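Undergrad:
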Amino acid sequence: MGVIGQSIKRVEDQRFITGKGRYTDDIALPNSTFAALVRSPHAHAAINNVDTTAAAAADGVVAVFTGADLEAAGVGGLPCGWQVDFKSGDTMKEPAHPVLAATKVRHVGDPVAIVLAESREQAADAAELVVVDYEVLDAVVAATQATAEGAPQLFDDVPNNTPFDWELGDQAATDAALASAAHVTTLEYDNQRLIPNAIEPRCAIGDYDGARDHYTLYTSSQNPHVIRLLMTAFVLGLPEHKVRVVSPDVGGGFGSKIFHYAEEVLVTWCSRQIGRPVKWTASRSEAFLTDAHGRDHHTRVDLGLDADGNFVGLRVKTVANLGAYLSTFAPCVPTYLYGTLLQGLYTTPAVHVDVTGVFTNTTPVDALRGAGRPEATYVLERTVEQAALETGRDPAQLRSQNFIPAFDGVEQEGYQTQVALQYDSGNYGAALEKALAAIGYDELRAEQAQARAAGNGRHIGIGFSTYIEACGIAPSAVVGALGARAGLFESAGVRVQPTGKVTVFTGSHSHGQGHETTFAQVVADGLGVGIEDVDIIHGDTESVPFGMGTYGSRSLAVGGTAIVKSMDKIKEKGAKIAAHLLEAAEEDLEFAEGSWTVKGTDQSIAFGEVALAAYVPHNFPEGLEPGLEFTSFYDPANFTFPFGAHIAVVEVDAETGVVAVRRYVAVDDVGNIVNPMIVEGQVHGGITHGIGQALFEEAVYDDSGQLISGSYMDYVLPRADDLPSFETDHTVTPCPHNPLGVKGAGETGTIGSPPAIVNAVLDALWPLGVRDLAMPLTPQKVWQAIQQAS
Amino acid sequence: MSVAIKVTVNGQTHEHEVEPRQMLVSYLREELGLTGTHVGCDTSNCGACTAIVDGQAVKVCTMLAAQADGAEITTIEGLAANGTLHPLQEAFRETHGLQCGFCTPGMIMAAWQLLERNATPSDAEVRHALEGNFCRCTGYDNIIKAVQHAAESA
Amino acid sequence: MIPVAFDYHRPASVDEAIELLSDDAKLLAGGHSLLPAMKLRLSSPGALIDIGRIAELNYIREDGGTIAIGATTTHQQIASSDLVSANASALAQAASVIGDPQVRNKGTIGGSLAHADPAADYPAAILALGAEIVVRGSDGGRSIPADEFFIDLFLTALAPDEIITEVRVPAADKSAYVKFPHPASRFAVVGCAAASAGGAVKVAFTGVANAAFRDSGVEAALSGGLSEEGIAAAAARAADGQEVLADHFAGEEYRRHLAKVFARKALATIA
Amino acid sequence: MWDLLNDPEVLARITPGVDTLEQTGSGQYQAVLHIKMGPINSTFNGALQVVDSKEPESYRLLIDVDGKIGQIAAEGHVRLAENHETTTVEVEGGSQLTGRLASMGQRLLSGVARMFTNQFFKALEREVAIRN
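Chains as they are written, first to last, in the working numbering: chain A, 1 to 790; chain B, 1 to 154; chain C, 1 to 271; chain D, 1 to 132.
Structure (structure tokens):
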């Protein structure tokens, strides 16, 4: 069979390459109205009055609603799904996040009113007629300013704009280790704010059916069940079974479509009010202002080394900018998805991390491709490289000497870190060795030395990043203990049809990852059917069992395992049926290549025949129910821990400050690989996004809280001609605790690449005296750094 | 006011009265139901809306439907001839040149224009020709491969 | 996003278009500057006059040592014209780096010049090549030398009742346009054109100041000719005395520096 | 010169974009601005104020106007220095944009400020020329 491990061409591509994909905005319901939102142009202002008279009277307008209307109707605020309490034990401050602001706006883009009209054009025209009387207040924008004395306060009941603070690790041991270290490398920097920019803007359609008293919400989301749960139970107070959430084809998410947004509530609620469908599609300008942003940490890090270069202690202090409200998973990103990864691949015996989450008058910040792990990896890998440069050590050697020795998680136990996690399996040296060989490290260093000696103005740099990340989120009991308000299992229903064809209902939801192919491969391998005999259904709460959706590179490790568990049950039942039909003992049967065979004989029965018998049970084991369909919920035993070694080679044009990425080698270990083509694509995309952070992307706010990089005219997305071709390879260290042995491949590139690029540029410019650079490494910044150094 | 237009889209002629402010992309998507052409931005940068208008790849989010009066338009839905996929469509699948698929129609149309003007582009030329199209998923490598693959198979 | 409603006119001739011009009307050629601004509702003219199909405005031809280019000729047509490349390569090079291929398929030279974005590519080439901009208005036509055309941010010598009909570019011996593009917008952070014709060298910049300009300081310093040293000395004076633009991506100091670097690159290309 | 720079009618004529200016109090004006610049063509309403007036050497001009596409808050510090027969006028200022203007107009902001400052001086020169 060998379906697993094959680069099977994607099943879903047929519709995408012919323009037949069905994204939310492609859905046109009869009798639909169109929504336009009135949004705050101010970062911080009190609302004195909202006058909707002119808008309501405008051509084609069906209704206008304000925050006051929603309040009067008892619509709740948007909930937060994770609680991180203060170090002191005090409960997290969780101020209300109104669906429409009624009394105060807290960031540019905060919605104030919604206008429904017969056409998009009329809605847009009428929205301009809503007059909002604002009293503008001073705004706070930078994380480091939020807790300053006299800083503007966003919420009356959140002193110092601080909803939580948090720590992990042994502070005393870490301080002591650093005090006695032979060398301490210290860096202080911003991990800049990014804007997710899925190319499909968010879209939501609410459709209330009065005859059935039933709601349907179509939304561009990564997790329709989670949206339904949050919206029904916490915001609208609707009976969950009367609400269907459909998330059809999703045009990219990168985290930004995990969260429950105001517009989803609004179209659903408004549809009920007017008895007609309501459609809202974000413009890109709105997306810039309202899709939850990512990163935005201010961090100081100290890494201590002994005289031999062994890491003795790591201290990290971070202020995380959460924006104006707590988005759905905001508290967990700079804490449990960040602090717990600060052990990295290293045996550092003492690690301490201290995080303060702060509110500012900016767009809320939440998980973005990598979510916490890129920030953690940047802390470690930038600092380790800096330590190598400062102490004159080879950065590859410095890393390897501090690596945790190889362990497979079976013969050798998992590795217990100083920061709560237990790694599943790892062979970190192997990945680095493979990357060094692939890039031709010695030759590159020789070329670099030659260029430096020649003084020909070619500034070549080689940069490393050896990262680890946590995927397969997550064991429910563990995350529950850490503040998650949801379980993080995954579901899969596997329905064998009478003819032996298979329909899978998965709680995971693809937004580009290729589930319809990868999952079909898993099923084809497990049941011995053809890929074309498997259909994957996702994204609809009415057909799929309650599932948690797709994020944190969890789909295959958790969702795929749920499918395997259902298939195990199918095979178990199938064996009973087969044994009956073959008149053999169940234990004498083996299942292979789609048939049950009596061991040592040529007596066998095909999977399809067994399926048919299950539905036409004329001749059937006594007491066995007909049918061949099982649903499983899989709660993982642990996270999975992909890792890898990335090496970037850059050339810096010192005259203009332009950085050209000449080569990029990524050796990732994502455990077993089901579809190498898809994994490679995921890695490519992640690296590109990470290079985007290193060199190009940056949400820029002015002091008054205006987003001045609010369009593609200013916000730089990497384009085809900004990048080299990537060289990717793998090592394979299977995950010991899931049956597929897979770890997750969706975010490795984004996590691994930023420090590799920045380190390479620092390596290139170190001889010129450049000692630090802040992301993104724009030409001006690089040029200025060179000027100041020389 | 409204403007009478007559356009040929994927070989079919349509006549409509349109509002002057209606963009060609919204005409294609909303009036003709051809939703394969996507809208990804409002500043003519992302390229998701690229279609072929009178032989030229155009960002149809930045063109009025009224301007298209008399034009021959090909959208992604019309690229396959008589049920046979265009070599570019085949190539995007073959080399995994797409993930979420949202940028794909525009990407294919931009690539179509390149190959029409340069049948044997270098990798650098392909990258340059796609500078008006964003992909956030794949990182472009496989898209470049797709275009080269199509160039070879054409 | 959706523009505010407007009326739409599609005149068959330039004269008809001129008649339709008013304070509240805007000409629509390629539309790639105007329509995005209208979609964002930064601009909301009451009427658009679509001159994109006036056949008499779309051509590239030689006219006694001068290249005559109709106003609605697209960037793509100019970039791929052998006639332009052979005689005014700076213009072809400028056309080839505007926006992206799709934008170049629609955008027109007349539209770009009339719009006069401070970071547009053409103006530098137009100035260095010593082109003339031919316009027609209700009182007849005139020809405006490039040196007098670009006045300030989005401000040109074009009168409200005038339409650009043609750009006349004298053939140069050698010319080049080099550009440091903004990585997002692809507008010129700094663009420099240099052209030599009959022994005289002209140098012009775009992206550097409120309007594109001839750099007389650099030109004067080129008396030593286009030797490597001569170029270096001249380039070092780039943008001297200019009030230089500054934004988040490129502050004044960096832009001035880039102007020097790109002056050198442009001059080296024609040396 | 001081009188000139404090005359509401003159102020209306020399402040770029001002369509109408109506005095509402001492140094307080209600202003309608019309900004027509390249792609932007929009009307703004709001207040124009003269504050920190130190006759005869300086005052600050505050403009705070609101339009469909955003708000403009601008400040100009006008300083006059008498030197024998001539008066030197210096203006230093900054502006803050809100809304769509802010997110779309950044690359032009420094240029716009400069253009308006230049327009202010040109208009002032014209006023001075008329009076002389």
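Here a beta-carbon is modelled for each residue, glycine too, at the ideal position from N, C-alpha and C. Since the structure is predicted, the reported quantities are computational estimates derived from the model, not experimental observations.
Rounding to the nearest angstrom, what Cα-Cα distance links A:MET1 and A:VAL226 in this structure?
TA: Confidence at A:MET1 is low in this model, with a pLDDT of 47, below 50, so its placement is unreliable and no value can be given for it.
Undergrad: Give me, in chain order, the residues of the same chain whose beta-carbon lies closer than 6 Å to that of B:VAL147; leave out the 5 immediate sequence neighbours on both sides.
TA: ALA111, VAL126
Undergrad: Any beta-carbon of chain G closer than 7 Å to the one on A:GLN145?
TA: Of the protein chains in this structure, namely A, B, C and D, none is chain G.
Undergrad: Is B:LYS59 close to chain C? Criterion is C-beta to C-beta, closer than 7 Å.
TA: yes
Undergrad: Kindly say whether C:LEU91, judged by its beta-carbon, lies nearer than 7 Å to any beta-carbon of chain B.
TA: no
Undergrad: Starting from D:GLN49, trace the alpha helix (DSSP H) in both directions and tell me its first and last residue.
TA: First-last for D:GLN49: 40-54, but that is the beta strand (DSSP E), not the alpha helix (DSSP H).
Undergrad: My output table needs one value for D:MET104: the three-state DSSP class, helix, strand or coil.
TA: helix
Undergrad: What's the call for D:THR20, buried or exposed, on a 16-neighbour Cβ count within 10 Å?
TA: exposed
Undergrad: Residues of chain A with a CB under 7 Å from the CB of B:ASN142: which are they?
TA: GLY681, HIS684
Undergrad: Should A:PRO277 and A:SER285 be called a contact, given that it needs their Cβ atoms to be closer than 7 Å?
TA: no
Undergrad: So is D:MET1 in contact with chain C if we call contact Cβ pairs under 7 Å?
TA: Interface criterion not met: the Cβ of D:MET1 is under 7 Å from no Cβ in chain C.
Undergrad: Compare the C-beta of C:ASN58 with all C-beta atoms of chain B and state if any pair is closer than 7 Å.
TA: no
Undergrad: How is A:THR162 classed by DSSP in three states: helix, strand or coil?
TA: coil
Undergrad: Do A:PRO152 and A:ASP138 have their C-beta atoms within less than 7 Å of each other?
TA: yes
Undergrad: May I have a chain-ordered list of the beta strand (DSSP E) segments no shorter than 3 residues that lie completely inside the stretch 428-497 of chain A?
TA: 459-468, 490-496
Undergrad: Scan the stretch 89-121 of chain D for residues whose Cβ lies nearer than 8 Å to a Cβ of chain A and list them as they occur along the chain.
TA: GLN96, LEU97, THR98, GLY99, ARG100, ALA102, SER103, MET104, GLN106, ARG107
Undergrad: In the DSSP assignment, find the unbroken beta strand (DSSP E) run with D:GLU92 in it and report its ends.
TA: 86-97
Undergrad: Thinking C-beta only, is A:ALA177 closer than 7 Å to A:ALA387?
TA: no
Undergrad: Mind checking who C:PRO145 pairs with in its DSSP beta bridge?
TA: C:GLU132
Undergrad: Using the Cα positions of B:GLY83 and B:THR13, report the straight-line distance between them to the nearest angstrom.
TA: 20 Å
Undergrad: Pull out every residue of the stretch 12-42 of chain B whose Cβ sits closer than 9 Å to any Cβ of chain C, in chain order.
TA: GLU19, PRO20, ARG21, GLN22, MET23, SER26, ASP42
Undergrad: Can you tell me which residues form a DSSP beta bridge with D:ALA73?
TA: D:ASP64, D:GLN96
Undergrad: Counting only C-beta atoms, is B:THR75 closer than 7 Å to chain C at any point?
TA: no
Undergrad: Report the residue ranges of all alpha helix (DSSP H) runs contained in full by the stretch 642-697 of chain A; include only those spanning at least 4 residues, in chain order.
TA: 676-691
Undergrad: When the Cα atoms are used, what is the spatial distance from C:PHE149 to C:VAL218?
TA: Inter-residue distance for C:PHE149 and C:VAL218 is about 20 Å (C-alpha atoms, whole angstroms).
Undergrad: So with CB distances below 7 Å, who are the chain D contacts of A:ILE708?
TA: ALA102, SER103, GLN106
Undergrad: Does the CB of C:SER80 have a neighbour CB from chain D at under 7 Å?
TA: no
Undergrad: Less than 7 Å separating the beta-carbons of A:HIS107 and A:ALA324?
TA: yes
Undergrad: Which same chain residues end up closer than 8 Å to A:GLY507 when comparing Cβ atoms and leaving out the 5 residues on each side of it in sequence?
TA: HIS225, GLU490, SER491, ALA492, HIS538, VAL544, PRO545, PHE546, GLY547, MET548, GLY549, GLY559, ALA562
Undergrad: Would you check if the distance between the CB atom of A:LEU341 and the CB atom of A:ALA376 is smaller than 7 Å?
TA: yes
Undergrad: What span of residues does the beta strand (DSSP E) with B:THR162 cover, start to end?
TA: Outside the modelled stretch of chain B, which goes from 1 to 154, sits residue 162 of chain B, for which no answer is possible.
Undergrad: In chain order, what residues of the same chain have a beta carbon less than 7 Å from the beta carbon of A:LEU238, not counting five sequence neighbours either side?
TA: TYR215, THR232
Undergrad: Which same chain residues, not among the five before or five after A:THR281, have their C-beta less than 6 Å away from its C-beta?
TA: ASP25, CYS203
Undergrad: Quick one: is D:GLY38 near chain C, going by C-beta distance under 7 Å?
TA: The beta-carbon of D:GLY38 is placed less than 7 Å from the nearest beta-carbon of chain C.
Undergrad: Taking 8 Å as the threshold, find out whether the stretch 233-250 of chain C comes into contact with the stretch 208-224 of chain C through three or more Cβ pairs.
TA: Because the criterion of three Cβ pairs below 8 Å is met, the stretch 233-250 of chain C and the stretch 208-224 of chain C touch.
Undergrad: Counting C-beta neighbours from all protein chains within 10 Å, is the total for D:VAL51 16 or more, i.e. buried, or is it exposed?
TA: Exposed: under 16 other Cβ atoms inside 10 Å.
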